[in-house]
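In the working numbering, the protein residues as written are 624 to 1378.
Ideal Cβ positions, reconstructed from N, Cα and C, are used throughout, including at glycine.
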């Protein structure tokens, strides 16, 4: 057995050119017991986890194959596995990692090599899938159940809606909206391990309470809206049930099902946990602040149990940073890492488990860290286990600039100049060492234009940003109009775009004509103020919407400009022709739209750098459509539109993209930037109402797709509705806003620590 008693000993064994810090050494050499590592941004958590494995294996406290490491993405699992394998190889306890991107490390040597024991490193979902393959029959789970990609979920939801035979009176939203409702509510129920009966029981109690309050309250609109939301959610639950039945009949599951089933397996069969604890004596949980309630429950049941005899006190180490918990809107619960000891106590039940801080940032210079710490000051005050970042001894002073512009155009012009200046100032100039971050994709297209026009190569990371580019937005708007004649926003996208350029006066006349046609078709369109208010509360019926498409086909005798009248006729004829192709395969339909509109020809003929880059982006969009796979049979246009709507609004529907190695400036949202770093970072659009945003998330009394917060696994950490009057609803909104403000702080902290 090799003795490792100091950072110098560890450096000698691993053959590194540096010693770990005292903070890192404390966590690396910690006893085999539950612990949490609070690793600040850029503090070297991956290096720490690899060194921890080397320390335990070389000192013969465990063998390499008794170590389990879990993280979120395949890329992160590959990186962590590679780091561990290389570190063990350097210590003489394994082979160096080969070029195996995306594959879990499972220890399968070639036939002519001596077998080398290696740790298991995988994603949380891959580990859950392995559990179900090995033990799923215990809960009736068939091992040949297929996992659906995100695209397939949307297609199956469309099928569930189109074949649903139940009564639907209140849920009158557009089909793509209802698709997203179904997937959001069903996913939340899985992530929080809530069954259909529990939600319906809650619904009955709350509806009775709101209806009783409505009878005596003066604030009838707010309470009527809550009652209507509960009624819509009840119908949505019927659709969720149909969707789940289809999944079962087709032998399909999604990623949230994997975790929910694995959690149920661990809960109902404690001997599975016993087998896993015997197999893995050490468990490392990466990015633990991003785990969901279901993931935490699965891991707790497997590696902690309810008492000392069932595994309490097992050596589980969670590594993460509460200050970087920015995925609460996607189901992550920061309380998992803040309350780690509750789930993974000592063998004697003591919940005060060791918390090892990593505060020395090895990425950023001093001024950058000073700004990040000032921003995060409220978070430090609230959570004392999270400490301020410190600069490494080798850190320079660094540069931070805050520049105030009078106009949006001035900021975009300044950005292009400064990006070029940052590139020129680099010792070894590299465009890919520059990151441009936005709060969301609302103005990604403008930033892209500004940089491209200055002949700066730029890459929009992820399809989400592409959807805001005019040429892609035009294709998506046309697809939407082929599916839904009442999609007025899509028609406005076309009419006001660079191709048709209809002015505000002609648009106003067209809107007036649409209202006139709607009144002629249905006298109910002329409503009193009270009737309009009631309709607004109940939600709009798409069959009663004033359709701009109707006005486009029949613009009437209004005093339009000559150019506008001609363009209305041309666009109307074009849409009629394209509707004859609506039944064709999606890829063929998209190509037909591009050919008809001439977008690709226009971009190909232009000599500007922006046009060349935009052509590449249009090709990426076409590729994404081509990869939109069917569950079985044909792919539906409704499913694709719901898929794109979710991505454009929330960024949850499509790929978790990473930047390519191309030498180009990387343009992406802050959410996508987590875990990445650049030599120079520009945060654009940091201003009132934009970043931090003043947009609030939909609350459960107002949105049918939102799982009521009292039913969530992290309910104790969330604002709750305390009554059923308007004042109670207002209080919930205020408290939820304050709760979301914390996440905006975390998002800023992530943005400012990328440099």
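Using the Cα positions of residue 1218 and residue 1228, report the straight-line distance between them to the nearest angstrom. Position 595 of the chain shown, counting from 1, holds the residue named residue 1218. Position 605 of the chain shown, counting from 1, holds the residue named residue 1228. Near 14 angstroms, if we compare the C-alpha coordinates of residue 1228 and residue 1218.
Less than 8 angstroms between C-beta atoms, sequence neighbours within five positions excluded: which residues of the same chain meet that for residue 649? Walking along the chain shown from the start, residue 649 turns up at place 26. If we look at residue 649 and ignore the five residues flanking it on each side, its Cβ neighbours are 979.
For the region 645–730, list the alpha helix (DSSP H) runs that are entirely contained and at least 4 residues long, ordered along the chain. 645–651, 668–681, 697–713
Status (buried if at least 16 other CB within 10 Å, exposed otherwise) for residue 1078: As a position in the chain shown, residue 1078 is number 455, starting the count at 1. Counting Cβ neighbours within 10 Å, residue 1078 comes out exposed, since fewer than 16 surround it.
Could you give the uninterrupted runs of the alpha helix (DSSP H) lying entirely in the region 744–788, keeping only those of 4 residues or more? 747–758, 773–785
By the DSSP assignment, the beta strand (DSSP E) with residue 908 in it spans what residues? Counting from one through the chain shown, the residue named residue 908 turns up at place 285. Note, residue 908: beta strand (DSSP E), 905–908.
Residue burial classification, residue 646 (beta-carbon count within 10 angstroms, cutoff 16): Your numbering for residue 646 matches position 23 in the chain shown. So residue 646 counts as buried.
Residue 1090: first and last residue of the uninterrupted beta strand (DSSP E) it sits in: Residue numbering aside, residue 1090 sits at position 467 when the chain shown is read from its first letter. Unbroken run through residue 1090: none, as it is neither H nor E.
Under 7 angstroms: does the beta carbon of residue 852 sit that close to some heavy atom of the ligand SAH? Among the components of this structure there are no ligands whatsoever, and the ligand SAH is therefore not found.
Give the secondary structure of residue 1325 by DSSP, where H, G and I count as helix, E and B as strand, and everything else as coil. The residue given as residue 1325 occupies position 702 in the chain shown. Note: residue 1325 maps to coil in three-state DSSP.
I need the boundaries of the beta strand (DSSP E) containing residue 1061, first residue and last residue. In the chain shown, residue 1061 corresponds to position 438, counting from 1. Unbroken beta strand (DSSP E) run through residue 1061: 1057–1061.
Counting Cβ pairs closer than 8 angstroms, one from the region 990–1001 and one from the region 1013–1025, do we hit at least three? yes
As assigned by DSSP and simplified to three states, the class of residue 1330: By one-based count along the chain shown, residue 1330 stands at place 707. Correct three-state label for residue 1330: coil.
Could you compute how far the alpha carbon of residue 592 sits from the alpha carbon of residue 1172? Residue 592 is absent from the model: the chain starts at 624 and stops at 1378.
Pairwise C-alpha distance: residue 1356 and residue 1267: Residue numbering aside, residue 1267 sits at position 644 when the chain shown is read from its first letter. Residue numbering aside, residue 1356 sits at position 733 when the chain shown is read from its first letter. About 29 angstroms.
Out of 946, 1192, 1309, which one is the CA nearest neighbour of residue 1029? For the purposes of this step, residue 1029 is taken as residue 406 along the chain shown, with counting starting at 1. Here the closest residue by C-alpha is 1309.
The region 910–930 in contact with the region 940–949 per 3-pair CB rule at 8 angstroms: yes
Please state whether DSSP places residue 921 in a helix, a strand or coil. Here the question's residue 921 lines up with position 298 in the chain shown. Looking at residue 921 - three-state DSSP - the assignment turns out to be helix.
For residue 1159 and residue 1348, what's the separation of their Cα atoms in angstroms? The residue given as residue 1159 occupies position 536 in the chain shown. The residue given as residue 1348 occupies position 725 in the chain shown. Any reading at residue 1159 is ruled out, since the residue's pLDDT is 39, under 50, leaving its predicted position unreliable.
Assign residue 1301 to buried or exposed, taking buried as 16 or more other Cβ atoms, counted over all protein chains shown, within 10 Å of its Cβ. Numbered from its first residue, the chain shown carries residue 1301 at position 678. Counting Cβ neighbours within 10 Å, residue 1301 comes out buried, since at least 16 surround it.
On the three-state DSSP scale, how would you describe residue 1316? Numbered from 1 along the chain shown, position 693 holds the residue referred to as residue 1316. Residue state, collapsed to three classes: strand.
Cβ pair count under 8 angstroms reaching 3, the region 631–643 against the region 667–679: yes
Using a Cβ-Cβ cut-off of 6 angstroms (strictly less than) and excluding sequence neighbours within five positions of residue 1157, which residues of its own chain qualify? Translated into positions along the chain shown, residue 1157 becomes position 534. For residue 1157, the pLDDT reaches just 43, beneath the cut-off of 50, and the residue's location in the model is therefore unreliable, although a value from the coordinates is still provided. Within the same chain, residue 1157 has no close Cβ partners at all.
Around the C-beta of residue 1054, are 16 or more other C-beta atoms found within 10 angstroms, so that it is buried, or is it exposed? Walking along the chain shown from the start, residue 1054 turns up at place 431. Per the 10 Å Cβ criterion, buried.
Starting from residue 955, follow its DSSP beta bridges and name the residues at the other end. Counting from one through the chain shown, the residue named residue 955 turns up at place 332. Beta-bridge pairing links residue 955 to 915.
When the Cα of residue 1183 is compared with those of 920, 1220, 1213, 1132, which residue comes out closest? For the purposes of this step, residue 1183 is identified with residue 560 of the chain shown, where counting begins at 1. Residue 1183 has its Cα closest to that of 1132, out of 920, 1220, 1213, 1132.
Beta-carbon proximity check, residue 888 vs residue 761, cutoff 8 angstroms: Along the chain shown, one-based indexing puts residue 888 at 265. Along the chain shown, one-based indexing puts residue 761 at 138. Against a cut-off of 8 angstroms, the Cβ pair of residue 761 and residue 888 comes out as a contact.
Residues of its chain near residue 906, where Cβ-Cβ distance is below 6 angstroms and the 5 sequence neighbours each way are ignored: For the purposes of this step, residue 906 is taken as the residue at position 283 of the chain shown. Cβ neighbours of residue 906 beyond the five flanking positions: 691, 926, 939.
I'd like the list of long-range same chain contacts for residue 1129, defined as Cβ closer than 7 angstroms, with 5 residues on each side in sequence excluded. The residue given as residue 1129 occupies position 506 in the chain shown. Within the same chain, residue 1129 has close Cβ partners 1183, 1184, 1187.
Would you identify the three-state DSSP class for residue 1306, choosing helix, strand or coil? Looking up residue 1306 in the chain shown gives position 683. In the structure shown, residue 1306 sits in a strand (DSSP, three-state: E or B).
Have a look at residue 1123 and residue 1073 and give me their C-alpha separation to the nearest angstrom. By 1-based counting over the chain shown, the position of residue 1123 is 500. By 1-based counting over the chain shown, the position of residue 1073 is 450. When rounded, the distance between both Cα atoms is 22 angstroms.
So, under 8 angstroms CB-CB, residue 1251 and residue 1263 are touching, yes? Tell me the CB distance rounded to an integer number of Å. As a first step, residue 1251 must be located in the chain shown, where it is residue number 628. As a first step, residue 1263 must be located in the chain shown, where it is residue number 640. Confirmed, about 6 angstroms.
State the beta-bridge partners of residue 1098 as determined by DSSP. What you label residue 1098 is simply residue 475 of the chain shown in a count that begins at 1. None, per the DSSP bridge assignment.
Taking the alpha helix (DSSP H) that residue 1003 belongs to, which residues open and close that run? Taking the chain shown and counting its residues from 1, the one referred to as residue 1003 is at position 380. Residues 1000–1005.
Cβ pair residue 1342, residue 1358 closer than 8 angstroms: Residue mapping note: residue 1342 aligns to position 719 of the chain shown, counting from 1. Residue mapping note: residue 1358 aligns to position 735 of the chain shown, counting from 1. Yes.
Do residue 684 and residue 655 have their C-beta atoms closer together than 8 angstroms? Sequence index remark: in the chain shown, residue 684 carries index 61 (1-based). Sequence index remark: in the chain shown, residue 655 carries index 32 (1-based). The answer is yes: Cβ separation under 8 angstroms.
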